[in-house]
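Peer 1:
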Amino acid sequence: MNNKKFPFLLTASHLIPGLLMLLFSTLPGMGRQIEDSSESGLSLAVFDVDATPPVGSLLAYDPMEKKDDLGLRARGIVIIGSGLPIVLCAVDWIGIANESQDAFKSRLAKAASTLPSRVAVHTVHQHDAPISDWGAEKLLKDAGLDPKAFDSSFDRVLLDRLDHAIQQAMQSPQPLTHIGTGNANVEKVASNRRIKGPDGKIRYSRTSSTKDPKIRDYPEGLIDPEVSLISFWNEEEPLAVLSYYAVHPQSYYLTKIANPDFPGIARYLRQLAVPEALHVHFNGAGANVTAGKYNDGAKINRKILAERLAAGMEQAWQNTVKSKINPTAVYWQQEAVLLPANENVPDIAREMHQQNARWLTNNLQKLAWYQRQQQGKKIAISCLSIGNARILHLPGELFVEYQLAAKAERPDLFVAMAAYGDYGPFYIGTTAAYKEDGYEINVSPVTPEAEPILMKAINNLLHNPAPINAQKSPYILQNEKAVPVKTLDEWKDKKRAWKNNMAAVMGTLPSRENLALPSLTYLDTVKEKGFTRYRIRFASDDTNEVTAYLYLPENSSARPAMLVLHSTGELGKKIVDGQGPLENRGIARELAERGYVVMAPDYPSFGEQKDHDFSKDGFPSGTLLGVWNHLRCVDVLSQMKEVDPNRIGVIGHSLGGHNALFAAAHDERIQAVVSSCGWTPFAYYDIGEAGTERYGGRLGPWAQERYMPAIKKLLPDAHLPFDFTDIIASIAPRPVFTNAPLQDSNFAVDGVKAGIAEVQPVYTWLGFPANLIVRYPDTGHDFPPAVRKEAYAFLDEFFGFKPENQNSLE
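Those letters in the sequence shown? Residues 700 to 1509, per the working numbering, in order.
1) Whole angstroms is fine: what's the gap from L787's alpha carbon to V979's?
2) Pull up the distance between the alpha-carbon of L861 and that of H1265, whole angstroms please.
3) In whole angstroms, what separates the C-alpha of R1071 from that of I1047?
4) Report the option in Q873, D859, P1483, T954 whose CA atom is closest to the CA atom of G740.
5) Please confirm whether A939 and A986 have their CB atoms less than 7 Å apart.
6) Since G1377 contacts G1355 with CB under 8 Å, what's their CB separation in whole angstroms?
7) For the alpha helix (DSSP H) containing V1326, name the first residue and the last one.
8) Taking the alpha carbon of F853 as the point to measure from, which residue in L875, S871, V1297, I830 has its own alpha carbon closest?
9) Closer than 6 Å: is that where the CB of K840 sits relative to any heavy atom of the ligand GDP?
10) For the beta strand (DSSP E) containing A1117, list its first residue and its last residue.
11) Pull up the CB-CB distance for L769 and N958, whole angstroms please, since I reckon it's below 8 Å.
12) Cβ atoms of G1271 and F1305: under 7 Å apart, would you say?
13) Buried or exposed: A1389, going by 16 or more other Cβ atoms within 10 Å of its Cβ?
14) Hey, which unbroken runs of the beta strand (DSSP E) at 3 residues or more fall wholly within the segment 1364-1393?
15) Is H947 near T880, with beta carbons less than 7 Å apart?
16) Can we say the segment 830-839 touches the segment 887-894, given the rule of at least three CB pairs closer than 8 Å?
17) Can you name the start and end residues of the beta strand (DSSP E) that A1035 belongs to?
18) By DSSP, does R1089 sit in helix, in strand, or in coil?
19) Evaluate contact between the segment 1459-1476 and the segment 1411-1419, counting only Cβ atoms and requiring at least three cross-stretch pairs below 8 Å.
20) Quick one: using the 10 Å Cβ neighbour count with 16 as the cut-off for buried, is A796 buried or exposed?
21) Within the segment 747-810, note down every full beta strand (DSSP E) run reaching 3 residues or more, in order along the chain.
22) If we ignore side chains and look at the alpha-carbon of each, how far apart do P924 and G983 end up?
23) Report the option in F1313, T1060, P762 whose CA atom is closest to the CA atom of F849.
24) K1315 by DSSP, collapsed to three states: which one?
25) For V1342, list the residues DSSP reports as bridge partners.
26) Under 7 Å, do G1277 and R1288 count as touching if we go by C-beta distance?
27) Report yes if the CB atom of A1079 is closer than 7 Å to the CB atom of Q1032, and no otherwise.
28) When the Cα atoms are used, what is the spatial distance from Y1069 to P846?
29) Along the beta strand (DSSP E) that carries H821, what are the first and last residues, could you check?
30) Since C1332 and A1247 should fall inside the 8 Å C-beta cutoff, what is the C-beta to C-beta distance between them, to a whole number of angstroms?
31) Return the CA-CA distance between L1324 and M1201, expressed in angstroms with no decimal places.
32) Hey, I1347 and R1368 are a contact pair by Cβ (cut 8 Å); roughly how many whole angstroms apart?
33) Return the residue from the list P962, S907, S816 that minimises the CA-CA distance to L771.
34) When we look at the beta-carbon of K992 and count the other beta-carbons within 10 Å, is it buried (16 or more) or exposed?
35) Would a C-beta distance cut-off of 7 Å place I999 and D827 closer than the cut-off?
36) For V1142, does the three-state DSSP call read helix, strand or coil?
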């Protein structure tokens, strides 16, 4: 057996007496014989760094005077070989919230060559430890206040350490052949902190250290007594052990000594017992669970509680059953939720000028979260499926009822829950709890409606069927190899190849380095009910200009914005304003009525640009000029105070439908795409014999100068080096909504169905299967009201936007 060890700071003189039996435990007697030891295609990297700030730093509640021998750790695992790498990380801090969650996920993702959406960052929630929220830090600084505990200086040091450790670990991952699952009860540690009186209201709060014996003597109450272990193995060698247990991790605190408290000690003891594996501990849904029944605050209780938790972990280890896994057994998925906000949260902004540092620690992350919530920024709930195990990753301080409900929902699976992900929403109670009052409810920034939102997401994640084996899709294989893509860098290589193939026909975009923001000329203004429509013009480069309608809803500030692209027609942008002869085309006006900021440009050769001369615009194709102009529209939108630059989408019909895809493929600022009657794979594009003869080939219409004239050289039997499926794959995992009518004579629905089947594995592989959406209405080349209503609802949901004005579709 490999005897590698992991670095720790506790010396031999500090070993807890009476626990030597735990230190010399052997590997559990596994009930299954090891199967074929051939390489599974999966591998595991582990990382572990010191997360202890220097003496003199501010912890969550006090200045740090020293650290104990264990200190604080940030540790985790990277799973490689099933989709892009998956990172799970637990930090011995009280909380990481809002913008800090974004920063941690982004940095860890970069180190592991994956997407931030495939990273879960949690804290164990020890109180003599730092707190991190860059949003709260900014709020305090902007108000002229000292950020105190939210100072981010050491956050960045820790991120550097994690970045280096993960990159190093990725250089030598170990084969991952099996997982193990086991659980056991933990005796006399957890107790429910909310004790009700005869009226059903909370009478007592049994805090982590409860000195009143009368309160301690109440029954243990509702808890989850189980500690759950999920272990990762290379045949007979354990590589990592993840433990999950729901309880506030305090025996006593406000010591000014950075320490991991009793869960950290228990984790350390298990590390000594099984040194081959890295031990990572996650706190479960323990918002209303403390050690208060078994802890009066006496210092000796830290040792006792650690012993008891370690004993439960030891028994769960002995109960572990191994099972063989392969890449198809590992799947990452997520569902983003917008939790409802308590409208009293903004009062924090007024109070913060008069309050002390500890009050700021408990409240500023709630204000930062509230501001994000108001901007429609959702929190992702994720689930790692691995064999028969499901690991749920949840935000905030959740009541234990959520964890128990998740386990009850799928008793046929091994379900574990890590809470204390995004710390922004703080305490999240059950619907019933908000009628019972109590400390947790009085300080909660969310409302009772949070429960059905969270439970719906949890249940969806637990019940989603196992995906198809996306690894076999050609889109997932490395270029010229039958080996699946395993890193973001390899995936970017594939996307770069698709973009180069597009450029071979469309041409290459000019450099966008150091582009000046266009200066808008306002030509006329029309005041409408709920919004103002401006006719604008601006230079897109030294030769070309954009003419467009700009719609600004009343009282606009940081709203989602839509780039709306019209279909073929001399009226150009007037079509999407509803001025054309065809129904179901007034998309821009409808979205403006809904409350979106909208920009609707003319495509060159239509509308105010009907006299455009393609021979003099400096672009190799009209399609590429269209892309350039559309990206310049995004430049304008992203700099407007009325627009949230993180909530920009594109929508178009017919000509606008494929131009929407082209724009999104070239610009990742575009977060969502709606393409109506805009595409079918080129092999399915059929204009009939007469049309083929007229245009000199089946793809002749695409060879017009307003589109891609380079295709002329490939006619009559043109075989293009790219296809729409490549374009959609390159957009993934950003959502694409397609309207493909059954009777569309321009873009064959059979081709759309085949294309969706071809691209779906990409979205599944990236963990966003629901982001590829298609509707097949029984109509012709049209965008009927029912599908537009669905498309708009999709945009509202994705952007976390509640329409302010109802229109004729409602």
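For every residue, glycine included, the Cβ atom is placed at its ideal position computed from N, Cα and C.
Peer 2: So, from the listed chains and residues:
1) Whole-angstrom Cα-Cα distance: 9 Å.
2) Near 47 Å, if we compare the C-alpha coordinates of H1265 and L861.
3) As the crow flies, the alpha-carbon of R1071 is around 15 Å from that of I1047.
4) If we check each option's Cα against that of G740, Q873 comes out closest.
5) Going by C-beta atoms, A939 is not nearer than 7 Å to A986.
6) In this structure G1377 touches G1355 by the C-beta definition: roughly 7 Å separates them, less than 8 Å.
7) If you look at V1326, you'll find it in the alpha helix (DSSP H) that goes 1321-1337.
8) The residue with the shortest Cα to Cα distance from F853 is I830.
9) Of ligands this structure carries none, so the ligand GDP is not represented either.
10) A1117: member of the beta strand (DSSP E) spanning 1113-1117, first to last residue.
11) About 7 Å separates the two Cβ atoms, so the contact holds.
12) Annotated as proximal: F1305 and G1271, with beta-carbon spacing under 7 Å.
13) Looking at its Cβ environment, which holds fewer than 16 other Cβ atoms inside 10 Å, A1389 is exposed.
14) Within the segment 1364-1393, the complete beta strand (DSSP E) segments of 3 residues or longer fall at 1369-1375, listed in chain order.
15) Cβ distance not < 7 Å, so H947 and T880 don't count as in contact.
16) Touching, no.
17) That run of the beta strand (DSSP E) goes 1029-1036.
18) R1089 falls in the strand class under three-state DSSP.
19) No, because fewer than three Cβ pairs between the segment 1459-1476 and the segment 1411-1419 fall closer than 8 Å, the two stretches do not touch.
20) Under this definition A796 is a buried residue.
21) Runs of the beta strand (DSSP E) lying entirely within the segment 747-810, each at least 3 residues long, are 772-779, 785-790 in chain order.
22) In this structure, the CA atom of P924 is about 11 Å from the CA atom of G983.
23) Of the candidates F1313, T1060, P762, the residue whose Cα lies closest to the Cα of F849 is T1060.
24) Helix, per DSSP.
25) BP columns for V1342 point to R1258.
26) In this structure, G1277 places its C-beta atom within 7 Å of the C-beta atom of R1288.
27) No, they are not a contact pair.
28) Their Cα atoms are separated by approximately 18 Å.
29) Judged by DSSP secondary structure, H821 falls within the beta strand (DSSP E) whose first and last residues are 818-822.
30) For C1332 against A1247, the beta-carbon gap comes to about 7 Å, under 8 Å, which counts as contact.
31) A straight line joining the alpha-carbon of L1324 with that of M1201 spans about 14 Å.
32) At roughly 6 Å, the Cβ-Cβ gap stays under 8 Å, so I1347 and R1368 are in contact.
33) Considering only P962, S907, S816, the residue with the shortest C-alpha distance to L771 is P962.
34) So K992 counts as buried.
35) By the CB criterion at 7 Å, I999 and D827 fall outside the cutoff.
36) In this structure, V1142 counts as coil in the three-state DSSP scheme.
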